[in-house]
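*Asks:* In this note's numbering, the protein residues as written are 4 to 536. For each residue, glycine too, the CB sits at the ideal point set by N, CA and C. Once you've had a glance at the structure underneath, I'll fire off some questions.
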């Protein structure tokens, strides 16, 4: 009896164990069947934001009220451009965008894809310029002439139409020009270079990599600058590194005694392009070998006398200039490599004359005296009655330049230039921007005096500033993306990028106050686009 009970118990235990195993198997199968369906449902939901051109977690979803700005109401379909150019940036690009502060790819609100490409597809960045006629071009080129490097003891390109310079089939004379010459030929009354300029990547690459065959000091100016020449007779203005990225100009230093920064020149070019002014010649960063690319090839005897070896074994030089050209302020390599900015030179003044204009809002350049505009709140009325500001768009162009200077903190805008051929009806050249981006912890509101006193701004400029204040086109993100392609990246420390967004907000506040005081918006926002928008 006892044996039978034991056998029965063993059978029941085995049956129970088998039942549990079968139950576990059924539960496992049920889970396997359920999971694919769940994943499929999630996949559909994940694609929903992408289909509308908005990434999941985007500020556009989180803060719909921010999109109620007039600029986005006027161009409600423009965000689709984000889809068209949403190719992710390469890993190398992100690596170069690192450095001080928060890396570019980890900045708050950063989205995948190129914001810069999306910006340039926006309707505000595709407003056509007036038709360019022959008289609107800086140079009228004979399409039958080819430029040859064969010169007789001259550093100029030789125009030739002889038999030996016949062009290959399908080629034009323009195809024989080096990139810098194509840049010069493309200048017209309305722009220094076009928005979607196919030459720009090549031109910037040439500035950064072309072999340097000559280096001489540029005459004039307060600080050391060099003119560097390439084998194809192109030339660039070299400004050497004098400050590190994280250094700020001390508050006790006057604006006219500040250093000229190479990274400010680089950043100014890209900022000017993002604002759609396109009035600064192309600039690229470059690492220059002081020994091989300056000392050993210079024909400038005055410059050659200033080279020496520092106690640390580095190659140094200081040149001749009004400020900071001494042994105490020498420029030293590591051991002979030195950062600098390379700016494409404009056409020689003997070929394309330029006129220099004293800015009406020029500072006193004195330690205690103030300029008239600082004492007279009605100063703009006087300016409006003075040529060339009494007609055309010259005053509005100067206010554009004011906005650029305020964003980068540049107080050193005493003159500007124009091409003489185009008279008063042309754009202003935004040259010499090395004293920008010196401070990020404070904003110099006096730079905005022309805007504050005149209460006028181009409608297109205002709309673009509004656009750059929105999350999808945040100004700091756009500039950092543009600067990440430079050989010397990172160009700006993170605090300078944050200062850009803060200053942009202050510009819009100033315009907002003008609009609040005006009887009609047209008194402040001057329509410069009409039906072209």
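Quick check on this structure: which residue in 530, 469, 356 and 475 has the alpha carbon closest to the alpha carbon of residue 512?
*Replies:* As a first step, residue 512 is located in the chain shown; it is residue number 509 there, counting from the start. Comparing Cα positions, the closest option is 469.
*Asks:* Nearest-angstrom Cα distance between residue 430 and residue 400?
*Replies:* By one-based count along the chain shown, residue 430 stands at place 427. By one-based count along the chain shown, residue 400 stands at place 397. In a straight line, the C-alpha of residue 430 is about 7 Å away from that of residue 400.
*Asks:* Could you name each continuous alpha helix (DSSP H) segment of 4 residues or more that falls completely within the region 359-437, going from the start of the chain to the end?
*Replies:* You should have 375-378, 382-387 and 397-411.
*Asks:* In angstroms with no decimal places, state the Cα-to-Cα distance between residue 442 and residue 507.
*Replies:* Here residue 442 is taken as the residue at index 439 of the chain shown, counted from 1. Here residue 507 is taken as the residue at index 504 of the chain shown, counted from 1. Their backbone Cα atoms lie some 15 Å apart in a straight line.
*Asks:* Sort 422, 295, 270 and 371 by Cα distance to residue 356 and report the nearest one.
*Replies:* In the chain shown, counting from the first residue as 1, residue 356 sits at position 353. Out of 422, 295, 270 and 371, 422 has the C-alpha closest to the C-alpha of residue 356.
*Asks:* Since I believe residue 366 is in contact with residue 417 (beta carbons under 8 Å), could you give me their beta-carbon distance rounded to a whole number of angstroms?
*Replies:* Translated into the one-based positions of the chain shown, residue 417 becomes position 414. Translated into the one-based positions of the chain shown, residue 366 becomes position 363. 7 Å between Cβ atoms; contact.
*Asks:* Three-state secondary structure (DSSP) at residue 3?
*Replies:* Past the boundaries of the shown model lies residue 3; the chain is included only from 4 to 536, so the question cannot be answered.
*Asks:* To which residues of the same chain is residue 336 closer than 6 Å at the C-beta, ignoring the five residues directly before and after it?
*Replies:* For the purposes of this step, residue 336 is taken as the residue at position 333 of the chain shown. Contacts found: 293, 317 and 318.
*Asks:* Less than 7 Å between C-beta atoms, sequence neighbours within five positions excluded: which residues of the same chain meet that for residue 132?
*Replies:* For the purposes of this step, residue 132 is taken as residue 129 along the chain shown, with counting starting at 1. So the list reads 193 and 194, once near-sequence residues are dropped.
*Asks:* Of all the alpha helix (DSSP H) runs that stay within the bounds of the region 239-287, which reach a length of 4 or more residues?
*Replies:* DSSP runs (the alpha helix (DSSP H)) wholly in the region 239-287: 265-277.
*Asks:* In this structure, how does DSSP classify residue 232 when only helix, strand and coil are distinguished?
*Replies:* On the chain shown, residue 232 is found 229 positions in, with the first residue counted as 1. Strand.
*Asks:* Taking contact to mean 3 or more Cβ pairs, one atom from each stretch, closer than 8 Å, check whether the region 208-221 and the region 281-300 are in contact.
*Replies:* Touching, per the Cβ criterion.
*Asks:* What residues are listed by DSSP as bridge partners for residue 460?
*Replies:* One-based indexing of the chain shown puts residue 460 at position 457. 528, per the DSSP bridge assignment.
*Asks:* What do you get for residue 530, buried or exposed, if any count of 16 or more other CB atoms within 10 angstroms of its CB means buried?
*Replies:* One-based indexing of the chain shown puts residue 530 at position 527. Result: exposed.
*Asks:* DSSP on residue 357, reduced to helix/strand/coil?
*Replies:* Within the chain shown, residue 357 is the residue found at index 354, counting from 1. Looking at residue 357 - three-state DSSP - the assignment turns out to be strand.
*Asks:* Rounded to whole angstroms, what's the CA-CA distance from residue 525 to residue 532? Just pull it up for me.
*Replies:* As a first step, residue 525 is located in the chain shown; it is residue number 522 there, counting from the start. As a first step, residue 532 is located in the chain shown; it is residue number 529 there, counting from the start. For residue 525 and residue 532, the distance between alpha carbons rounds to 13 Å.
*Asks:* Please state whether the Cβ-Cβ distance between residue 218 and residue 229 is less than 7 Å.
*Replies:* What you label residue 218 is simply residue 215 of the chain shown in a count that begins at 1. What you label residue 229 is simply residue 226 of the chain shown in a count that begins at 1. It is a contact, given that the beta carbons lie within the stated cut-off.
*Asks:* Identify which residue in 398, 438 and 464 has its Cα closest to the Cα of residue 453.
*Replies:* Counting from 1 along the chain shown, the entry for residue 453 is found at position 450. Closest by alpha carbon: 398.
*Asks:* Is the Cβ-Cβ distance between residue 439 and residue 412 less than 7 Å?
*Replies:* As a position in the chain shown, residue 439 is number 436, starting the count at 1. As a position in the chain shown, residue 412 is number 409, starting the count at 1. Going by C-beta atoms, residue 439 is nearer than 7 Å to residue 412.
*Asks:* Using a 10 Å radius around the Cβ and a threshold of 16 neighbouring Cβ atoms, would you call residue 523 buried or exposed?
*Replies:* Here residue 523 refers to the residue found at position 520 of the chain shown. The residue in question, residue 523, is exposed, as its Cβ has fewer than 16 Cβ neighbours within 10 Å.
*Asks:* Roughly how many whole angstroms lie between the Cα atoms of residue 187 and residue 296?
*Replies:* As a first step, residue 187 must be located in the chain shown, where it is residue number 184. As a first step, residue 296 must be located in the chain shown, where it is residue number 293. Cα to Cα, residue 187 sits roughly 25 Å from residue 296.
*Asks:* When you compare the region 232-252 with the region 263-277, are there three or more beta-carbon pairs, one atom per stretch, that lie closer than 8 Å?
*Replies:* Yes, the region 232-252 touches the region 263-277.
*Asks:* Say whether the region 444-460 touches the region 472-490, bearing in mind that this needs 3 or more beta-carbon pairs closer than 8 Å, one atom from each stretch.
*Replies:* No contact exists between the region 444-460 and the region 472-490.
*Asks:* So for residue 208, helix, strand or coil by DSSP?
*Replies:* Position 205 of the chain shown holds residue 208. Correct three-state label for residue 208: helix.
*Asks:* Determine whether the beta carbon atoms of residue 404 and residue 239 lie at a separation below 7 Å.
*Replies:* Against the chain shown, residue 404 aligns to sequence position 401. Against the chain shown, residue 239 aligns to sequence position 236. No. Outside cutoff.
*Asks:* Taking 8 Å as the limit between beta carbons, can you name the residues of its chain near residue 177, skipping five residues before and five after?
*Replies:* Mapped onto the chain shown, residue 177 falls at position 174. So the qualifying residues of the chain are 144, 146, 185 and 188.
*Asks:* Is residue 497 helix, strand or coil by DSSP?
*Replies:* Within the chain shown, numbered from 1, the residue matching residue 497 stands at position 494. Helix, per DSSP.
*Asks:* Is residue 220 closer than 7 Å to residue 348 when the C-beta atoms are compared?
*Replies:* Here the question's residue 348 lines up with position 345 in the chain shown. Here the question's residue 220 lines up with position 217 in the chain shown. In this structure, residue 220 does not lie closer than 7 Å to residue 348 by Cβ.
*Asks:* So residue 320 and residue 334 are supposed to be a Cβ contact under 8 Å. How far apart are they, rounded?
*Replies:* Position 317 of the chain shown holds residue 320. Position 331 of the chain shown holds residue 334. Between residue 334 and residue 320 the Cβ distance is about 6 Å, and since that is below 8 Å, they are a contact.
*Asks:* What are the residues that DSSP puts in a beta bridge with residue 220?
*Replies:* Here residue 220 is taken as the residue at index 217 of the chain shown, counted from 1. Paired residue(s): 229.
*Asks:* Decide if residue 371 is buried, meaning its Cβ has at least 16 other Cβ atoms within 10 Å, or exposed.
*Replies:* Here residue 371 corresponds to residue number 368 of the chain shown, with the count starting at 1. By the neighbour-count rule (16 or more Cβ atoms within 10 Å), residue 371 is not buried but exposed.
*Asks:* Given a threshold of 16 other Cβ atoms within 10 Å of its Cβ, counted over all protein chains shown, does residue 510 qualify as buried or as exposed?
*Replies:* Within the chain shown, residue 510 is the residue found at index 507, counting from 1. Buried, because 16 or more other Cβ atoms sit within 10 Å of the Cβ of residue 510.
*Asks:* Could you tell me the alpha carbon to alpha carbon distance between residue 402 and residue 392, rounded to whole angstroms?
*Replies:* To locate residue 402, count along the chain shown from 1; it is residue 399. To locate residue 392, count along the chain shown from 1; it is residue 389. Residue 402 and residue 392: Cα-Cα distance of roughly 11 Å.
*Asks:* Determine the burial state of residue 419: buried for a count of at least 16 other Cβ atoms within 10 Å of its Cβ, exposed for fewer.
*Replies:* Within the chain shown, the letter at position 416 stands for residue 419. Counting Cβ neighbours within 10 Å, residue 419 comes out buried, since at least 16 surround it.
*Asks:* Return yes when the C-beta of residue 237 is under 6 Å from any heavy atom of the ligand ATP, and no when it is not.
*Replies:* Although the ligand ATP was asked about, the structure shown includes no ligands whatsoever.
*Asks:* Between the beta-carbon of residue 276 and the beta-carbon of residue 432, is there less than 7 Å?
*Replies:* In the chain shown, counting from the first residue as 1, residue 276 sits at position 273. In the chain shown, counting from the first residue as 1, residue 432 sits at position 429. Going by C-beta atoms, residue 276 is not nearer than 7 Å to residue 432.
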